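Protein sequences appear in the order of chains S and D. Using numbering that gives the first Met the number 0, read the first sequence as starting at 0 and increasing by one per residue. Using numbering that gives the first Met the number 0, read the second sequence as starting at 0 and increasing by one per residue. Notes to accompany the following structure.
Number of protein chains: 2
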Amino acid sequence: MPDSTIYEVARLAGVSIATVSRTLRGTGPVSAATREKVLRAVEELRFTPSRLGVSLAEGRHAANGIVFPDLSGPYFGEVLLGYEEVAAELGRSVLILSTRDRAGVPETVKDLATRVDGLVVFGQTLPDALLTELIDSGLPMVMLAREAHPGTEAVRSENADAAEALTVHLIAHGHRAFALAGGHDEGDVSERWTAVARTLGEHGITAPRPVECPYTVEGGHEAGLELLKARPDVVMCADDQVALGVILAAEELGLSVPGDVAVTGWDDIMAARHARPALTTVRQPLRELGAAAARLLDELIAGAEPTATTRVLATDLVIRASCGAHQVHPPEEQ
Amino acid sequence: MPDSTIYEVARLAGVSIATVSRTLRGTGPVSAATREKVLRAVEELRFTPSRLGVSLAEGRHAANGIVFPDLSGPYFGEVLLGYEEVAAELGRSVLILSTRDRAGVPETVKDLATRVDGLVVFGQTLPDALLTELIDSGLPMVMLAREAHPGTEAVRSENADAAEALTVHLIAHGHRAFALAGGHDEGDVSERWTAVARTLGEHGITAPRPVECPYTVEGGHEAGLELLKARPDVVMCADDQVALGVILAAEELGLSVPGDVAVTGWDDIMAARHARPALTTVRQPLRELGAAAARLLDELIAGAEPTATTRVLATDLVIRASCGAHQVHPPEEQ
DNA sequence: ACGGGCAGTGGAAGCGCTTACAGCCCAGAG
DNA sequence: CTCTGGGCTGTAAGCGCTTCCACTGCCCGT
Chain S
0 MPDSTIYEVA
10 RLAGVSIATV
20 SRTLRGTGPV
30 SAATREKVLR
40 AVEELRFTPS
50 RLGVSLAEGR
60 HAANGIVFPD
70 LSGPYFGEVL
80 LGYEEVAAEL
90 GRSVLILSTR
100 DRAGVPETVK
110 DLATRVDGLV
120 VFGQTLPDAL
130 LTELIDSGLP
140 MVMLAREAHP
150 GTEAVRSENA
160 DAAEALTVHL
170 IAHGHRAFAL
180 AGGHDEGDVS
190 ERWTAVARTL
200 GEHGITAPRP
210 VECPYTVEGG
220 HEAGLELLKA
230 RPDVVMCADD
240 QVALGVILAA
250 EELGLSVPGD
260 VAVTGWDDIM
270 AARHARPALT
280 TVRQPLRELG
290 AAAARLLDEL
300 IAGAEPTATT
310 RVLATDLVIR
320 ASCGAHQVHP
330 PEEQ
Chain D
0 MPDSTIYEVA
10 RLAGVSIATV
20 SRTLRGTGPV
30 SAATREKVLR
40 AVEELRFTPS
50 RLGVSLAEGR
60 HAANGIVFPD
70 LSGPYFGEVL
80 LGYEEVAAEL
90 GRSVLILSTR
100 DRAGVPETVK
110 DLATRVDGLV
120 VFGQTLPDAL
130 LTELIDSGLP
140 MVMLAREAHP
150 GTEAVRSENA
160 DAAEALTVHL
170 IAHGHRAFAL
180 AGGHDEGDVS
190 ERWTAVARTL
200 GEHGITAPRP
210 VECPYTVEGG
220 HEAGLELLKA
230 RPDVVMCADD
240 QVALGVILAA
250 EELGLSVPGD
260 VAVTGWDDIM
270 AARHARPALT
280 TVRQPLRELG
290 AAAARLLDEL
300 IAGAEPTATT
310 RVLATDLVIR
320 ASCGAHQVHP
330 PEEQ
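Take a look at the structure:
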């Protein structure tokens, strides 16, 4: 049962396609009688305008894209959720593209770009050259979890202050031998490590070099086994998953957390709260991140000039047991 | 800088748009010299064919949709990842739609339906009437985590056998007073409860009515507070998040898990492994679920007749500490 | 009684592409 | 030296919709 077209509706209603279009979109005047005929025909034919036709004529897709590396952890999923929700409110569909471990990303992204009115890209996901090419093509873009590129808007969550606060907290607990798990030379994580290093320096402690590892439990586990040989007082981790892996490694090595070694994460994923020991971490407003990106993109699509400004969303330090602050909290609310 | 069209390329290359199209798609013969001219023009104009034009002419979108309730837990994210990966391999984009707590779902779904060649729908997400309407419209559809609807294909993971095995395991551990957290009258969960009830019956145990609750940690927490008043031996939960909530509730009530009460989950999400006690659960092949759905949908789109068959993917019983089997496992691999 | 204005409608030109079909030209066969 | 058959290319007809513009009556004011 092939979908009916506006022509069939027009014929059945005995009017022109122009009138059908006007009736359905509420643009231009249509007499009550005609409107009635058209609606009856639409009903009978179960007519739904072809998106392709509409988009081609309107010159817009009414769809947004988003590019992210992965969806495995809770991080991207939450952001995506916030993004999709706002996009839906704004009447736009959402096309997704995951790049992790995938070949042919540039081609796929370019294809995606032809299907949307604008694109949100997670910081470290796309090579700079590709980014520039997309921007130059005039596609509205917003960057997530990274500083704005010229010609874009950006939104990320606060890193430096929280990192400093966390570091100060750890120092106050008497920790001196720091280890950092999960390195990266750009984006959110590097900002945090920079702030950590500065803060440590201010307290006369030499900052260690972060140990590279994938942002997964397994990655943290391996990095942990390596790092813990040096018996640090505390391992600060790039994210919660890495931290969970480090805790696992500590258990394996017979080290108690936080007794022998403290561990901290970042993000405050669900598992952080249920881990034992519960994870000290920094809560990011993940959903708001996605929502903000969707709104910024919408403005850009609506014609706003890109200002290359980076919005910064506030984060919260969440102290739990894994850092050695033994205080017990009442059950937390969602 | 508006994108250039095939007309401009044709003009610049001094040929017709038909030749440009043939050159770019590799359909029909084109002389080497002409090809060269065209490619040079394409290069110079940075021409990319408009997806809209192509799709309208081809009569297909080269895009798939997927409808799911939420992306908060790890469950849907993993499935989505598997889906998107396979869809990308098949050269199709993915449009997503989340329905959780959202008004106007029918309209939004219908809009989505006009943008894709086929749709994957999670079981309990859409009302039956809407489902039927979509199927009747001729849209290829596959159901996820639910029995096939007439006119569709379906894929879900095994429930009954695993539920029975889990129940038998718990009975063997001496548990007799069962409680069930997280009810639902359709889809995966109800299949599990049915199998649990049957198995309990075969052992002379009367099955309790499942207590309804949202499939979240908070939902499990509340249900747990309620359920645990009756001091069951074991609480079987609809999924891992609910189980984590129940464990939280038990802690609050001063009950030790699994000492005073055993708890089991379902899904084997990441947090299940890192919870203390680690959660006994059933592992679902989430990514494979999504991948299988994508492949089935592709066949349907390619013209295969829907058989209303439900594929069943195998699951694994994962015994950890929370059910009272005190054996210690070596660290698990991903 | 007459002209202006406007509500209501249809015609037709795109939007950017694919592809059936027809035409042209040239080499090789007869 | 014709004739034929490819190889290559262009023309044009869609694909389904929006919207500008022109046109027809009809109501009203004067």
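Glycine residues also receive a C-beta, built at the ideal position from the N, C-alpha and C atoms. Model, not experiment: these values are computed from the prediction.
Limits of the alpha helix (DSSP H) - the one that residue i falls within
i                       : result
glycine 14 of chain S   : Correcting the residue type first, residue 14 of chain S is valine in the shown sequence and not glycine. Segment: none, valine 14 of chain S is in no alpha helix (DSSP H) and carries neither H nor E.
leucine 138 of chain D  : Neither: leucine 138 of chain D is in no alpha helix (DSSP H) and is coded neither H nor E.
arginine 50 of chain D  : 50-57
valine 104 of chain D   : 104-112
glutamate 35 of chain S : 31-44
Chain D contact for residue i (CB, 9 Å cutoff)
i                           : result
proline 207 of chain S      : no
glycine 72 of chain S       : yes
serine 20 of chain S        : no
glutamine 283 of chain S    : no
methionine 269 of chain S   : yes
glutamine 240 of chain S    : yes
threonine 47 of chain S     : yes
aspartate 116 of chain S    : no
glycine 52 of chain S       : yes
aspartate 127 of chain S    : no
glutamate 83 of chain S     : yes
phenylalanine 75 of chain S : yes
histidine 60 of chain S     : yes
aspartate 110 of chain S    : yes
valine 216 of chain S       : yes
arginine 101 of chain S     : yes
arginine 272 of chain S     : yes
Residue i at chain S interface by Cβ criterion, 9 Å
i                         : result
histidine 183 of chain D  : no
threonine 151 of chain D  : no
valine 14 of chain D      : no
glycine 253 of chain D    : no
threonine 107 of chain D  : yes
arginine 275 of chain D   : yes
alanine 87 of chain D     : yes
isoleucine 300 of chain D : no
methionine 0 of chain D   : In this predicted model, methionine 0 of chain D has a pLDDT of only 44, less than 50, meaning its place in the structure is not dependable enough to derive any value.
isoleucine 246 of chain D : yes
arginine 39 of chain D    : no
isoleucine 95 of chain D  : yes
aspartate 266 of chain D  : no
leucine 130 of chain D    : no
glycine 137 of chain D    : yes
Start-to-end residues for the beta strand (DSSP E) that takes in residue i
i                        : result
threonine 309 of chain D : 309-312
Under the three-state DSSP convention, the category residue i falls into
i                           : result
isoleucine 318 of chain S   : coil
alanine 237 of chain D      : coil
glycine 81 of chain D       : helix
serine 92 of chain S        : strand
phenylalanine 75 of chain S : helix
aspartate 100 of chain S    : coil
valine 327 of chain D       : Because the pLDDT of valine 327 of chain D is 42, which lies under 50, any placement of that residue in the model is unreliable, and the number read from its coordinates should be weighed accordingly. Coil at valine 327 of chain D, not helix or strand.
serine 3 of chain S         : coil
aspartate 69 of chain S     : coil
glutamate 132 of chain S    : helix
threonine 22 of chain D     : helix
aspartate 127 of chain D    : helix
Strand pairing of residue i, partner residues [DSSP]
i                     : result
glycine 64 of chain S : S:Leu94, S:Leu118
Check: residue i C-beta below 8 Å from any heavy atom of the ligand FMN
i                        : result
threonine 198 of chain D : The ligand content of the structure shown is nil, which means the ligand FMN is not present either.
Subject >> Ranges of the alpha helix (DSSP H) found wholly within the stretch 241-302 of chain S, counting only runs of at least 4 >> reply: Runs found: 269-273, 285-300.
**OP:** Kindly provide the ranges of any beta strand (DSSP E) runs that are 3 or more residues long and lie completely inside the stretch 144-227 of chain D, ordered along the chain.
**Re:** Fully enclosed beta strand (DSSP E) runs of 3 or longer: 152-156, 177-180.
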